[in-house]
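Q:
Chains as they are written, first to last, in our numbering: chain A, 1 to 457; chain B, 458 to 914.
1. Which residues mark the beginning and the end of the beta strand (DSSP E) in which residue 616/B is found?
2. For the alpha helix (DSSP H) containing residue 54/A, name the first residue and the last one.
3. Which residues, taken in chain order from the region 562-583 of chain B, show a beta carbon closer than 9 Å to some beta carbon of chain A?
4. Please give me, in chain order, every unbroken run of the alpha helix (DSSP H) with length at least 4 that falls completely inside the region 732-801 of chain B.
5. Short check: CB of residue 831/B to CB of residue 815/B, under 9 Å?
6. Would you please state the rounded distance, in angstroms, between the beta carbons of residue 393/A and residue 166/A? I believe it to be under 8 Å.
7. Go ahead and label residue 499/B buried or exposed: buried means 16 or more other beta carbons lie within 10 angstroms of its beta carbon, across all protein chains shown.
8. Count the other CB atoms within 10 Å of the CB of residue 580/B; is the residue buried (16 or more) or exposed (fewer)?
9. Can you tell me whether residue 457/A is buried or exposed, with buried defined as 16 or more other CB within 10 angstroms of its CB?
10. Residues of the region 833-863 of chain B in Cβ contact with chain A at a cutoff of 8 Å, in chain order, please.
11. Quick one, are the C-beta atoms of residue 211/A and residue 132/A less than 9 Å apart?
12. Give the residues of chain A in contact with residue 587/B, contact being defined as C-beta atoms less than 7 Å apart.
13. List the residues of chain A whose Cβ lies closer than 9 Å to the Cβ of residue 541/B, in chain order.
14. Go to residue 89/A, then tell me how far its alpha helix (DSSP H) extends in each direction, as first and last residue.
15. Using a C-beta to C-beta distance shorter than 9 Å, which residues of chain B count as neighbours of residue 7/A?
16. Take residue 349/A as the anchor and find which of 376/A, 293/A and 364/A has the nearest alpha-carbon.
17. Give me the Cα-Cα distance between residue 85/A and residue 98/A, rounded to the nearest whole angstrom.
18. Indicate whether the contact test is met: 3 or more Cβ pairs, each with one atom in the region 783-793 of chain B and one in the region 505-515 of chain B, closer than 8 Å.
19. With which residues is residue 361/A paired in a DSSP beta bridge?
20. Need the endpoints of the beta strand (DSSP E) that residue 224/A sits in, please.
21. Mind checking if residue 914/B is an interface residue toward chain A, Cβ cutoff 9 Å exclusive?
22. May I have the straight-line CA-CA distance separating residue 766/B from residue 802/B, to the nearest angstrom?
23. Measure the alpha-carbon distance for residue 320/A versus residue 255/A and round it to whole angstroms.
24. Can you tell me the Cα-Cα spacing of residue 271/A and residue 407/A, whole angstroms?
25. Between residue 318/A and the rest of its own chain, which residues show a CB-CB distance below 6 Å, the 5 nearest in sequence each way excluded?
26. What is the rounded straight-line gap between the Cα of residue 430/A and the Cα of residue 222/A?
27. In the DSSP assignment, the alpha helix (DSSP H) including residue 145/A goes from what residue to what residue?
28. Measure the C-alpha to C-alpha separation of residue 573/B and residue 535/B and round it to an integer number of angstroms.
29. Examine the Cβ distances between the region 747-763 of chain B and the region 469-487 of chain B and report whether three or more of them are shorter than 8 Å.
30. Three-state secondary structure (DSSP) at residue 165/A?
31. Would you grab the beta carbon distance between residue 564/B and residue 380/A for me? Rounded to a whole angstrom, and I think it's under 8 Å.
32. With a threshold of 6 Å on Cβ separation, who are the neighbours of residue 626/B within its own chain once the five nearest residues in sequence on each side are excluded?
33. Report the residues of the region 878-889 of chain B with a CB closer than 8 Å to any CB of chain A, ordered along the chain.
34. Would residue 445/A pass as an interface residue toward chain B - the criterion being a Cβ-Cβ separation below 9 Å?
35. Taking only runs that begin and end inside the region 396-453 of chain A, name each unbroken beta strand (DSSP E) of 3 or more residues, in chain order.
Written as structure tokens, this is what we have:
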């Protein structure tokens, strides 16, 4: 019988992050200042980030050592298991060998703790007393709440309103770890009040919640801002996922032909893929692996967005980033995968997609939940709705392998569990899930509001 | 830095259960037939159990090999980690070294899968098509649903009504794994209809739900009954918890001075403690370890019940068992630790308590949740309300060690996570939890209805 659970001994947990910027054939475009639209200087970010993280954001050093306190905190729940999906393979009748890297065993139930711990640590070192952040489905907010608690800091979370109401227990969780949580748009910030004035019934979005958290941080000296995805340093903190995977595959003499992850801002996907992609860029990879980012059809940034400079938030307070975007004013439908409701995308992942090194696909809610249902019956684990996108993408790959008879190795990034998303599954089982599609005119409207920027690159 | 996570390699997972009946100085009293009150013959149980499990129930063989299919299914989530609670120790300022064995990483979120898999397997082998069972908080029902799904059987769950409404997502989970779930008392059985006729607003209890499930099994040829706790074979299936613990402590050169677990029917507690207690009974233990079962003050079976023969269910359909009991008609208050709302207790654990080999204590809800709150802040993991009782008991032991300056080693049985119990935590945070106490007259009333049996033992 092949090994079902591949466990990397704790003593072998990676203690340095991998920075893919060291290996990119073309360096990423600079961020632009939101007002001047000139390349951003590090100083511009000091009101909201500690210098250590600003340096990581632009670093081209290949390996960045984790501080000892970060290693120690990560060891609370890491290493995480790589599992062989033997029952799923059987249920599909595929010759493919399917593996999944499961990040749901962290106390907060997803991969988000990996960067939350690092960010809380560096901010604490910089003398910061409080972190402000946004959260979609609540995974990131939970992770930062716990990390702040561990490092003795306060935490304020602006939680996208639709998720705040869909997932009330995420709020409870954040409260347990000592955070204060506001439904966004809130009346706590100018940005929130502006949105509420225009639309008192606004469902909120990550773009709005980011504006609120950034404003909170920028207007309080003892407070910094913390972002759960998108930024280069966040993706770097997540590379521990892929680095562990490489060692785990070595333990069983395998290597993935295809890696499938869900893509919202890109942190789970980048964290899983970059260590493998880095091997390929350096000519050290064992296979010509494909990487597939899966997103919701209701928020299809990579598959239907444009590659251009855009703001990270609705209030246009963040730097302009060259990325795939649906437009910073884009308001996605209230799908259950709240963590994937973001108009933009990591600049690094966007560039790799633009260069043809990473593929993308998009699915509506029902096929995604159907895949998760099959996965839960076979493997027992109930995926988070976000992670369910990866499961759907992987099942499609496994079914293609069944047609062609290929024994390919498929790796799924199972970024979190769905214990706090069972309301969504209840809707699915009752046939009440809506397959939101994004009408072309709505897409064009949001994109039509974007600034025209010619960087002469 | 001491090791935080002690992981037993998968290849070292125990593949035989430990049967403490082989080592008991006094053999347990026989079960009595509910009608004749004569010692039960194995035949009497065949309408609801397969012979393989009936044999395990009375076996005195010390080690019972796990079937290969059971080992394989257990490997989906085992081994489970033993964690050192370094942050909790620091928060308490105790010289004690606190460890917790965490069973919440199973797909169903608790230790219950350990026996669900075994029971589903043996019933499948016996040609059974469907299992009927009761569930309190839903952990056991979830576990049996998944196990039945894995072994290709149907599953019917009678879920105690108060939990059915408190924890709706547990029902969703069971539905996902293909089970049908009824709130108990239901109109599906005579037993349920009788209760509803007397009290249409009945909250239900495990004793009622058991009556319904047993009736369902007894009246359908292709259906057996499955119990999630109390019985000897169930506790034996759970010994994998303690067996793993012993090896994990060996890995770090430790041995517990005190083991604390929550006690409802006794399966998690017995599974954790029996391998250690067995060492002591055989004179092979490294220390004179104390074992403490913690129960809710609202359902204080071991601390305020009587040691006598009683039925396992309200309808008096189960055998009479010599155990601590509050009376089979006892209706516990609707506390959040639904898994601990049982009037009786494992005969084996009851006997060890009677013999003074195991201690017991009881706490009301608020101190239990307060302990869980402290634990969650320190260790990140949010305990199930049942497991929180063990945490409370352990913290009290750690604080005693602080007073005396003893460096004792405390082991907590953390039987499950609280992701599906966050509603209870929300109530706790909002100061809305009620500390149900059990009035003396109510206790006497339920006990006064018990049969007088003189077994001349």
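Virtual Cβ for every residue (Gly too), placed ideally from N, Cα, C. None of the values given here were measured: they were computed from a predicted structure.
A: So, from the data block:
1. Element bounds for residue 616/B: 611-617.
2. Following the DSSP letters along the chain, one finds residue 54/A inside the alpha helix (DSSP H) bounded by residues 51-58.
3. Hits within the stretch, in order: 562, 563, 564, 565, 566 and 570.
4. Given a length threshold of 4 residues, each whole run of the alpha helix (DSSP H) inside the region 732-801 of chain B is given here in chain order: 758-761.
5. Inclusion of residue 831/B and residue 815/B in the CB contact set at 9 Å is not warranted, their separation being larger than that value.
6. Residue 166/A and residue 393/A do not touch by the CB rule: their CB atoms are close to 23 Å apart, not below 8 Å.
7. Exposed, by the Cβ-count rule.
8. Under this definition residue 580/B is a buried residue.
9. Caution is warranted here: a pLDDT of 45 is assigned to residue 457/A, below 50, making its placement in the model unreliable, and the coordinate value is therefore given only provisionally. Around the beta carbon of residue 457/A, fewer than 16 other beta carbons sit within 10 angstroms, so the residue counts as exposed.
10. The region 833-863 of chain B vs chain A, Cβ under 8 Å: 833, 834, 836, 837, 838 and 839.
11. No, these two residues do not count as a Cβ contact at 9 Å.
12. Under the 7 Å cutoff, chain A gives no residues; its nearest Cβ is about 17 Å from residue 587/B.
13. Result: empty, since nearest Cβ-Cβ is about 10 Å, beyond 9 Å.
14. 86-92 is the extent of the alpha helix (DSSP H) around residue 89/A.
15. Annotation: Cβ neighbours of residue 7/A in chain B (cutoff 9 Å, chain order): 464, 466, 467 and 536.
16. Ranking 376/A, 293/A and 364/A by CA distance to the CA of residue 349/A puts 293/A first.
17. Distance between the alpha carbons of residue 85/A and residue 98/A: 5 Å.
18. A contact between stretches requires three or more CB pairs, one per stretch, nearer than 8 Å, and the region 783-793 of chain B fails this requirement with the region 505-515 of chain B.
19. Its beta-bridge partners are 294/A.
20. Looking at the DSSP string, the run of the beta strand (DSSP E) that includes residue 224/A is 223-225.
21. Caution is warranted here: a pLDDT of 44 is assigned to residue 914/B, below 50, making its placement in the model unreliable, and the coordinate value is therefore given only provisionally. At a cut-off of 9 Å between C-beta atoms, residue 914/B does not count as an interface residue with respect to chain A.
22. If you take the alpha carbons of residue 766/B and residue 802/B, they lie about 11 Å apart.
23. Whole-angstrom Cα-Cα distance: 37 Å.
24. Going by the C-alpha atoms only, they are around 26 Å apart.
25. Taken in chain order, the residues that qualify are 311 and 312.
26. Going by the C-alpha atoms only, they are around 48 Å apart.
27. For residue 145/A, the enclosing alpha helix (DSSP H) covers residues 139-150.
28. If I take the Cα positions, the gap works out to 14 Å.
29. Look at the beta carbons and you see the region 747-763 of chain B not touching the region 469-487 of chain B: under three pairs across the two are nearer than 8 Å.
30. Of the three classes helix, strand and coil, the one that applies to residue 165/A here is helix, per DSSP.
31. Yes, they are in contact, since the Cβ atoms of residue 564/B and residue 380/A sit about 3 Å apart, within 8 Å.
32. Result list for residue 626/B: 877, in chain order.
33. Within the region 878-889 of chain B, the qualifying residues are 879, 880, 882, 883 and 886.
34. Chain B, which has no Cβ nearer than 9 Å to the Cβ of residue 445/A, makes this no.
35. As far as the region 396-453 of chain A is concerned, its whole beta strand (DSSP E) runs of at least 3 residues are 409-414.
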